[in-house]
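Just below is one structure, and these are the notes that go with it.
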Amino acid sequence: MLVIQQLVNGLMLGGVYVMVAVAFTLIIGMLNFLNFTIPALFMFAAVLMYATMSGTLPFGNDLILTIFGTEYRWIAGIIVALIVIALVSLVIERFTYRYMKAKYGDATEHALPLVSSLGFLIIFEHLVVSTWGSDPLTAVSPFGQGTFSIGTIIFSVPQIVSLVLSLVVVVMLSVMLKASKLGRALRAIAERPDAATLMGVEVGRIVPVVYVITGLLCAISGVLFTINYTTVDAYVGDTVATVAIAGMVLGGLGNVWGAIVGGLFIGMLEVMSIYIVGADFAKVPIWGMLLLLLVFKPTGLFGHTLIGKGKF
Amino acid sequence: MTVNVLEIAGMHKSFGGLKVIDDVSFDVRKGSRTALIGPNGAGKTTVFNLLTGVYDIDAGSITVEGENITNVPAQDRVTVGMSRSFQNIRLMPHLSTVENVMLGQHARARKLGSLLYPLGMLPRNNWRIAAEEALENAGIGTYPGEVVANLPYGVQKRIEVVRAMVSDPKLLLLDEPAAGLNQVETGQLQELLERVSDQGVTILVVEHDMQFVRDLCDYIVVLNFGRKIFEGTPEEVHRDPAVLEAYLGTDDDTEAANAS
Amino acid sequence: MSGYLESQLIILCLATIYAYGIFLPAASGQLNLGAAGFITLGAYASAWFNASTGAELPVWLSVILAMMFTGTIAFVISFPILRTRGVYMVLATFAFAEVVAGIVINVEELGAAAGMPVDAHLDVTVIVPMTILVILFSFYFMSTRLGLALRSIHDDENVATLFGVNVRTAKVVAFTVGAMLMSLGGSLYGHHYNYIEAQTFNVLLSIYILLYVLMGGTQTAWGPLIGAAFFTIVPEALREIAESAGLTWLAEGRFMMFGAFIVLLMVFRPEGVMTRTLQDRLGGGLFRRKKQVLDETAANS
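Residue numbers (my numbering), protein chains in the order written: chain A, 1008 to 1319; chain B, 65 to 324; chain C, -2 to 298.
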């Protein structure tokens, strides 16, 4: 029974990774770069959520308290996190993508947005450290420790709600990408950026949309993380993103459904391997498998969309 | 002792079911200046790509100086004495003029000793002197350290020819060397190629400028839709009905005018 | 030399050695985010060869053997890893470093998660000359025909192939030699601080080293030196200034300034600080020989 309990815990943990993995895979699929602002946004949203709930925002705490009261400050936290992250995403888009063209194309050109995104990661981590310090920050969960059990298996209510919520969000997103006009434009850019411009897709206006979507995914995921696990710090994004990247690779780069399955699977794998072989050894099978996958089957387990065509 | 430096026999190539090169055979005589012409999309550049090993051929054979190179990998083909320039300038933008030319020498310097020889640290080494001389002989005197991306188009075009030359080829493949050049530059290019040819190097050139072809070449091969439709002297080519039809049949009026 | 300056110099030297290890493959356009993996291998291998519980070899031999050990592993994995390109290579090297960290942390002989004490001590009088040697070697390496081939691959792999460059071999050599340099850096780290922990060599280290190289510029061998020097000296200098002037905002904000600088550098100078053109301009009278006669075309157009 303990094994099943571990599987359930893993699935819950996977729920956190899913949205971050989808965010990574969207940016890689559309814009072909590994966006390290994703961990920054996840972490920043989680910290904002903590700060709003605990009244430690740099300003506006009293206003929030007057409007929402102590009991419903978590709603204010969600609003603050989503709005701030959406705005920040627009700023990041300007500096990581819009100006990123080397004078003469060459083999390391694709690294430019990667490098500026690392710059943003450093900015945000130190912004949080200098405002809230580098110690772990613990918030009080607004939902307490609600649990129910089926047989001997214990389920945490907030975790179930989060898992369902994240799955609904990403599934809706992927349906939207399939069906809508925006989705078609995005896929056109992903396939051939030059041709997309000719076909009347305004790349300059679509790319910020991609950034805001991925930013919001990170924000929701970060908010849910704070509610469920209550303890956050300036570096929580790095840990989560590392595993989410693994999930994304597993599902195939640029493949949204792959990232969903990969994210859930990697969460379960992490918990199971910690349970079976111990936390320290868990890294070896996970990353060893990914290394093999990247080298021998770069499309991932389900993938067909191999990005990095042409010069890359 | 063969008189043909290049022999192409029954060459076929398809891309995704589309026949791009269909049973093309022709020979290039040693010391000749042969032109490969044809309307747009006839497969001229593809022939070059097949010769230099960018793509493998589906069927047929390629023989250079009596040596069958059909299965030789791309990086080794330059060592059998075949070197090329490109339709769009493909110089290395971050390398200087001299360094680009020294890259052309690579085929002659593949031994470990040559690979580990410090070209940049010793300013007066033989490789560098040879490269600078080749540039000077071609009439390209610039700062040897100048990064090529900053040079004028016509100069870059000629540097490409020089880079191909320094690998010491027996056969020089030039893909539209005169495209985009003005009258003066075309003249300088022609002069350079004539000098190269006088040194005994065989030239196979793809070119749209028919005046240039008539002035330079002594033999012409015509492709259309991946097939060879004619080979002969420049005098004969204008009288050949198949060639006239190929050019007049296309929408490209300027080419038709050029050909007739 | 004061103890403080000496400790900063050591940090700078190690960063420089690591940076050249990442630079060599980067010069041919291969991005390696696995620096931590090779540094770990070097540090632990040399510590084990040297340790009384291990092979009990003299320190110089341990360092060399560690380089050969790391080089062998790098050589073997370079074949599969160099099949990947672009973002796949970044991820594959990153995965490799995670695997190394995961293995080391589980080997009892290497101290597992508690870390491993290192016997022999190497001080600044060894580390500085070794760093200078690495720099000179890298300049030599990039000036050879092999270096020229690597720079050509960076610009246009297909054309380089057509001129006879064996692209695969060149990449494997750059990757392997780079890994050996990082191994050297890792060994020196271990023997200087006399204690190593796998957690020290984490992904953040890999990221920073890659940043040094890309910030400094991959076009010339000056790049890694400038990148490593700039990014180790400036934050430290800012801290010093902030402390002496009592500016708390600067002490806390210097890393944010560092991040902002990275972002702005990528906007305004994506090739990195040092480019080929800049090197020529600075080298001016020293390296450029007589201006040859400009031909008419160049002058006219």
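Just so it is clear, CB atoms sit at the ideal spot from N, CA and C, and this is done for glycine as well. These numbers were taken from a predicted model, which means no experiment stands behind them.
{"query": "Chain-order list of residues whose beta-carbon lies under 7 Å from that of residue 102(C) (same chain, five-residue window excluded)", "result": "109, 110 and 195"}
{"query": "Under 7 Å (Cβ pairs) to chain C, residues found in the region 1263 to 1294 of chain A", "result": "1287, 1288, 1290, 1291 and 1294"}
{"query": "Spatial neighbours of residue 1300(A) in its chain, beta-carbon cut-off 8 Å, leaving aside the 5 residues before and after", "result": "1256, 1257, 1307 and 1308"}
{"query": "Residue-chain proximity (residue 243(B), chain C), Cβ-Cβ < 8 Å", "result": "no"}
{"query": "Residue 1076(A) beta carbon less than 8 Å from that of residue 987(A)", "result": "For residue 987(A) there is no data in the structure shown, the boundaries of chain A being 1008 and 1319."}
{"query": "Stretch-stretch touch, CB-based, cutoff 8 Å, three pairs: the region 206 to 215 of chain C with the region 50 to 66 of chain C", "result": "no"}
{"query": "Inter-residue Cα distance where the pair is residue 316(B) and residue 309(B)", "result": "Low confidence applies here, because residue 316(B) scores a pLDDT of 49, under 50, leaving its location unreliable; read the following figure in that light. Straight-line Cα distance between these residues: approximately 12 Å."}
{"query": "Boundaries of the beta strand (DSSP E) in which residue 291(B) is found, first to last residue", "result": "291 to 296"}
{"query": "Own chain partners of residue 238(C) with C-beta closer than 8 Å, once the 5 adjacent residues on each side are dropped", "result": "244 and 247"}
{"query": "Supposed contact pair residue 1023(A) and residue 1168(A) - C-beta distance, whole angstroms, cut 8 Å", "result": "That pair is no contact at about 13 Å."}
{"query": "Against chain A: residues of the region 56 to 90 of chain C by CB proximity under 8 Å", "result": "77, 78, 80, 81, 82, 83, 84, 85, 87, 88 and 89"}
{"query": "As assigned by DSSP and simplified to three states, the class of residue 271(B)", "result": "coil"}
{"query": "Any C-beta of chain A under 8 Å from that of residue 95(C)", "result": "yes"}
{"query": "Min CB distance residue 257(C) to chain A below 8 Å", "result": "yes"}
{"query": "Buried/exposed call for residue 241(C), threshold 16 Cβ in 10 Å", "result": "exposed"}
{"query": "Touch test, the region 117 to 133 of chain C against the region 129 to 145 of chain B, Cβ-Cβ under 8 Å, three pairs minimum", "result": "no"}
{"query": "Enclosing alpha helix (DSSP H) for residue 193(B) [first to last residue]", "result": "190 to 201"}
{"query": "Residue closest to residue 1224(A), alpha-carbon to alpha-carbon, out of 1065(A), 1280(A) and 1052(A)", "result": "1052(A)"}
{"query": "Distance, residue 1035(A) Cα to residue 1196(A) Cα", "result": "12 Å"}
{"query": "Any chain C beta carbon closer than 8 Å to residue 324(B)", "result": "Reliability fails at residue 324(B), whose pLDDT of 42 lies under 50, so the model's placement of it is uncertain and no value is given."}
{"query": "Same chain only: Cβ atoms within 7 Å of residue 90(B), ignoring 5 sequence neighbours per side", "result": "72, 285, 292 and 295"}
{"query": "Residue 1017(A) Cβ short of 7 Å to the ligand PLP heavy atom set", "result": "Of the ligands one can find in the structure shown there are none, so the ligand PLP has no counterpart to examine."}
{"query": "Inter-residue Cα distance where the pair is residue 124(B) and residue 110(B)", "result": "15 Å"}
{"query": "Beta carbon proximity, residue 155(C) to chain B, threshold 8 Å", "result": "yes"}
{"query": "Sequence ranges, beta strand (DSSP E) only - wholly within the region 197 to 226 of chain C, length at least 3", "result": "none"}
{"query": "Residue 288(B) - partner residues in DSSP beta bridges", "result": "291(B)"}
{"query": "Coil, strand or helix - residue 265(B) by DSSP", "result": "coil"}
{"query": "Residue 173(B): contacting residues in chain C (beta-carbon distance under 9 Å)", "result": "142 and 161"}
{"query": "Euclidean distance between Cα positions of residue 1322(A) and residue 1087(A)", "result": "Since the first and last residues shown for chain A are 1008 and 1319, residue 1322(A) lies out of range."}
{"query": "Any C-beta of chain C under 8 Å from that of residue 84(B)", "result": "no"}
{"query": "Per-residue contacts from residue 149(B) into chain C (C-beta, under 8 Å)", "result": "Under the 8 Å cutoff, chain C gives no residues; its nearest Cβ is about 10 Å from residue 149(B)."}
{"query": "Of the residues 3(C), 148(C) and 33(C), the one placed nearest residue 24(C), counting alpha carbons only", "result": "148(C)"}
{"query": "Test: residue 1036(A) CB closer than 8 Å to a CB of chain C", "result": "no"}
{"query": "8 Å Cβ cutoff, residue 250(C) in contact with chain A", "result": "yes"}
{"query": "Chain C within 8 Å of residue 1251(A), Cβ atoms only", "result": "no"}
{"query": "Spatial distance of residue 33(C) from residue 155(B) (CA atoms)", "result": "36 Å"}
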